[in-house]
Structure formats: structure tokens, C-alpha cells
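K.L.:
The structure's right below; bear with me while I get my questions together.
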Amino acid sequence: MKNRLFSAAVFDKIRNLTRLCLVSMLVSIWGCATVYNPATERNEFYFINDRQEAAIGKSIANDIIKKNKLVKSRKELSYVRSIGKKIAQVCDRNYLSYHFYILDDSGMNAFSLPGGFVFLNRGIVEKTTEDELAFVIGHEIGHVCARHSVKRLQASLGAALVMGLVSKGIENDLLNRAVDIVYNVVSLGYSRKDELLADSLAVKYTYKAGYDPRAGISLMGKLEKDDKNQYTMIFLRSHPPVKDRINSIKEKIKELNRK
10 MKNRLFSAAV FDKIRNLTRL CLVSMLVSIW GCATVYNPAT ERNEFYFIND
60 RQEAAIGKSI ANDIIKKNKL VKSRKELSYV RSIGKKIAQV CDRNYLSYHF
110 YILDDSGMNA FSLPGGFVFL NRGIVEKTTE DELAFVIGHE IGHVCARHSV
160 KRLQASLGAA LVMGLVSKGI ENDLLNRAVD IVYNVVSLGY SRKDELLADS
210 LAVKYTYKAG YDPRAGISLM GKLEKDDKNQ YTMIFLRSHP PVKDRINSIK
260 EKIKELNRK
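Residue 200 in our numbering sits at position 191 of the sequence shown; the count goes up by one each step and never skips.
Written out as C-alpha cells, the structure is:
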């Protein structure tokens, strides 16, 4: 049974925001753009723009904040936000406004939402070094920079958008699916390819921000050892095998050293 991250009110908000995104695509075709994404090093097509992406992410973030206990310690928040600010300044979408929150949960987990909203569990903040936490934040910001959740949403809706906007019944179905897609990305994680790219970007961002990217290797070891916590195991199951992630991180570090 899925955990309910969304209230009925936020579900309606996301539906309305998504409707605006989809209508906008058809009535304002010039708003669509094929742009070069430095995070993926590819030209990519988007019909959900930065403003719409941030609005969707903010609605989901607000609902999570309402339904979960947050850590309000100024010391811990200042610590996390200080690291987050350094990573955000050197990332590939440093023009976004990033927001960092700590959930009062002992599990070593973290996730990000469209538009730059990053949530860290108290457990991962307390059990990592500053360099390791910088890697965690770099990984989550990497997902935002690569626009992984946005591309998942666009790919899933696909060409059926036109039909959906013509037929109200199909439109409602598409909007429901759009919300489910964002929910599933947050709850179940990304593809192996997306996760490895986020690790690679974390290496790049931590290095540029003055942190030691090798901390990503020790972080993987901590996650693997923390197998007594069910939330940590869920986190590991939704990511590629630790061995693969470590090898990928090492290769990226070698690339940086050769430059």
C-alpha cells in the first residue's frame, strides 16, 4: 500500500497546475523549447518550463511539510543550508531557488522534488560527515539539474496530450496520471541510469564547491552497513547496487583528475 504524500487539496492543485502546463503547450507552441542541458550534455525538449516545474514542486513540498514533522533546530538547518547553498551555486541550474528541509526521521534517506526542493532525513544529516552530506545534496540537486522528474512526466504523457485536451474524460485521466508519475518518482526512485548520472553530477558539484568527492565512496559504505533501518534498505533498493555506484564514482573522480 502506497504512503499518501498527497492530500485531496494538493492533489487538486497539482491537477490544475498540470492542466495549465498541458494547455500552455498547445496554445503557446512557441513556449516549447529544445535546449542544451549541461547536466546531461544533450539537447533536450521541454514543454514544462522552469516556472511551472517550480510551482508543481512547491505544491508537493508544502503538502509534505504539512504531513510530516520537521527538524527546526537553527543549528542543523543552518548547517544543511550552508552546504546546500555552496552546491547550488556551482550546479548546472544555479539560477533556480533551492530550498532545503530536514525531516525528523532516523532513516538515512533523501529526495528532491521538481524545481529545487530538497528533503533530507535527520538520520542522514547526523550519520554523515560534511563532505558526505555534500555528496548527498549534490546527488539530489543532480536529479533536479538533469530534470529527471520532468522528463518522466513528459515521456509518460506523450502524444496522448492532444487527445486528452480534446476529450474531458481522457484529460482527467491524463492529469491523474501526471500526479501519480511525480508521486512514484519520489516514492520509488529513478532508473539505474538516472541514479548513476546523479552520482556523477554529485562528484562534479562537490568538487567544484570545494568538498572531497571521494566522500561519496565512504557514504555508500555507510548506507550499506545501515541495513537495520528499513527506510535505508528501501533507499538502497531504489538505487543501483552499491558496488556499481562506487565504481562509477571512482571513474568520475579519475576523469576530474585528468583535467
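Heads up, the beta-carbon is just placed ideally off N, CA and C, and yes, glycines get one too. Being a predicted model, the structure only gives us computed values, none of them experimental.
Distance, Cα to Cα, K217 vs I96?
P.N.:
Taking the sequence shown and counting its residues from 1, the one referred to as residue 217 is at position 208. Taking the sequence shown and counting its residues from 1, the one referred to as residue 96 is at position 87. When rounded, the distance between both Cα atoms is 8 Å.
K.L.:
For the candidate residues S209, L122 and K259, whose alpha-carbon lies nearest to that of A63?
P.N.:
In the sequence shown, the residue the question calls residue 63 occupies position 54. It is L122 whose Cα lies nearest to the Cα of A63.
K.L.:
Which whole-angstrom value is the C-beta distance of G132 and S106, which I expect to be below 8 Å?
P.N.:
Walking along the sequence shown from the start, residue 132 turns up at place 123. Walking along the sequence shown from the start, residue 106 turns up at place 97. Incorrect: roughly 26 Å between the Cβ atoms, too far for contact.
K.L.:
Verify whether the separation of the beta carbon atoms of V191 and I73 is less than 8 Å.
P.N.:
As a working note, residue 191 is residue 182 in the sequence shown. As a working note, residue 73 is residue 64 in the sequence shown. Cβ atoms of V191 and I73: not closer than 8 Å.
K.L.:
Starting from the C-beta of G124, find all residues in its chain whose C-beta is less than 6 Å away, skip the five residues before and the five after it, and write them out in chain order.
P.N.:
Walking along the sequence shown from the start, residue 124 turns up at place 115. Result list for G124: E62, A63 and G66, in chain order.
K.L.:
CA-CA distance, V251 and H157?
P.N.:
Position 242 of the sequence shown, counting from 1, holds the residue named residue 251. Position 148 of the sequence shown, counting from 1, holds the residue named residue 157. C-alpha separation (whole angstroms): 21 Å.
K.L.:
Helix, strand or coil for E85 per DSSP?
P.N.:
Working through the sequence shown from its first residue, we reach residue 85 at position 76. Three-state DSSP puts E85 in a helix.
K.L.:
Thinking F128 and L112 are a contact (beta carbons under 8 Å), I'd like their distance in whole angstroms, please.
P.N.:
Numbered from its first residue, the sequence shown carries residue 128 at position 119. Numbered from its first residue, the sequence shown carries residue 112 at position 103. Right, the Cβ-Cβ distance comes to about 6 Å (below 8 Å), so this counts as a contact.
K.L.:
Roughly how far, in whole angstroms, is the beta-carbon of N290 from the beta-carbon of A119, given that I think they are within contact range, below 8 Å?
P.N.:
A question about residue 290 goes unanswered here, because the residues of the chain that appear run from 10 up to 268.
K.L.:
Which residue spans inside the segment 52 to 96 form an unbroken alpha helix (DSSP H) run of at least 4?
P.N.:
Here the runs fully enclosed are 59 to 76.
K.L.:
Can you tell me the Cβ-Cβ gap for C100 and I150, rounded? I've got them flagged as a contact below 8 Å.
P.N.:
Here the question's residue 100 lines up with position 91 in the sequence shown. Here the question's residue 150 lines up with position 141 in the sequence shown. Correct: roughly 5 Å between the Cβ atoms.
K.L.:
On the three-state DSSP scale, how would you describe N103?
P.N.:
Residue mapping note: residue 103 aligns to position 94 of the sequence shown, counting from 1. Looking at N103 - three-state DSSP - the assignment turns out to be coil, as it is neither helix nor strand.
K.L.:
For N46, which beta-bridge partners are listed by DSSP?
P.N.:
Residue 46 sits at position 37 when you count from the first residue of the sequence shown. Per DSSP, R51.
K.L.:
Going straight from the alpha carbon of V145 to that of A207, what length do you get?
P.N.:
Taking the sequence shown and counting its residues from 1, the one referred to as residue 145 is at position 136. Taking the sequence shown and counting its residues from 1, the one referred to as residue 207 is at position 198. Cα-Cα distance, rounded: 10 Å.
K.L.:
Enumerate in chain order the residues of its own chain whose CB-to-CB distance from D203 is below 8 Å, with the five nearest sequence positions on each side excluded.
P.N.:
For the purposes of this step, residue 203 is taken as the residue at position 194 of the sequence shown. Excluding residues within five positions, the ones whose Cβ falls inside 8 Å are H152, A155 and H157.
K.L.:
Between the Cα of D253 and the Cα atoms of I226, K263, A164 and K268, which residue gives the shortest distance?
P.N.:
As a first step, residue 253 is located in the sequence shown; it is residue number 244 there, counting from the start. Residue I226 is the option with its Cα nearest to D253.
K.L.:
Is H157 helix, strand or coil when you go by DSSP?
P.N.:
The residue labelled residue 157 in the question sits at position 148 within the sequence shown. Helix at H157.
K.L.:
Report the option in L86, E50, A48 and F54 whose CA atom is closest to the CA atom of A42.
P.N.:
Within the sequence shown, the letter at position 33 stands for residue 42. Checked all of L86, E50, A48 and F54; the closest Cα to A42 is F54.
K.L.:
Closest to K75 by C-alpha separation, out of Y110, A48 and Q98, would be which residue?
P.N.:
Residue 75 sits at position 66 when you count from the first residue of the sequence shown. Of Y110, A48 and Q98, the residue nearest in Cα terms is Y110.
K.L.:
Using a Cβ-Cβ cut-off of 7 Å (strictly less than) and excluding sequence neighbours within five positions of R161, which residues of its own chain qualify?
P.N.:
The residue labelled residue 161 in the question sits at position 152 within the sequence shown. Excluding residues within five positions, the ones whose Cβ falls inside 7 Å are I190 and V194.
K.L.:
Quick one: is P222 buried, meaning 16 or more other Cβ sit within 10 Å of its Cβ, or exposed?
P.N.:
Within the sequence shown, numbered from 1, the residue matching residue 222 stands at position 213. Per the 10 Å Cβ criterion, buried.
K.L.:
Whole angstroms are fine: how far does the CA of I262 sit from the CA of A211?
P.N.:
As a first step, residue 211 is located in the sequence shown; it is residue number 202 there, counting from the start. As a first step, residue 262 is located in the sequence shown; it is residue number 253 there, counting from the start. Each residue's alpha carbon lies about 11 Å from the other.
K.L.:
Which first and last residues belong to the alpha helix (DSSP H) in which N266 is found?
P.N.:
To locate residue 266, count along the sequence shown from 1; it is residue 257. Here the alpha helix (DSSP H) through N266 covers V251 to R267.
K.L.:
Classify N118 as helix, strand or coil using the three-state DSSP reduction.
P.N.:
As a position in the sequence shown, residue 118 is number 109, starting the count at 1. If DSSP states are grouped into helix, strand and coil, N118 belongs with coil.
K.L.:
Of all the options K213, I69, G219 and A224, which has the alpha carbon lying nearest to the alpha carbon of S196?
P.N.:
For the purposes of this step, residue 196 is taken as the residue at position 187 of the sequence shown. Of the listed residues, the one whose Cα sits closest to S196 is I69.
K.L.:
Going straight from the alpha carbon of E85 to that of T49, what length do you get?
P.N.:
Counting from one through the sequence shown, the residue named residue 85 turns up at place 76. Counting from one through the sequence shown, the residue named residue 49 turns up at place 40. Distance between the alpha carbons of E85 and T49 is about 32 Å.
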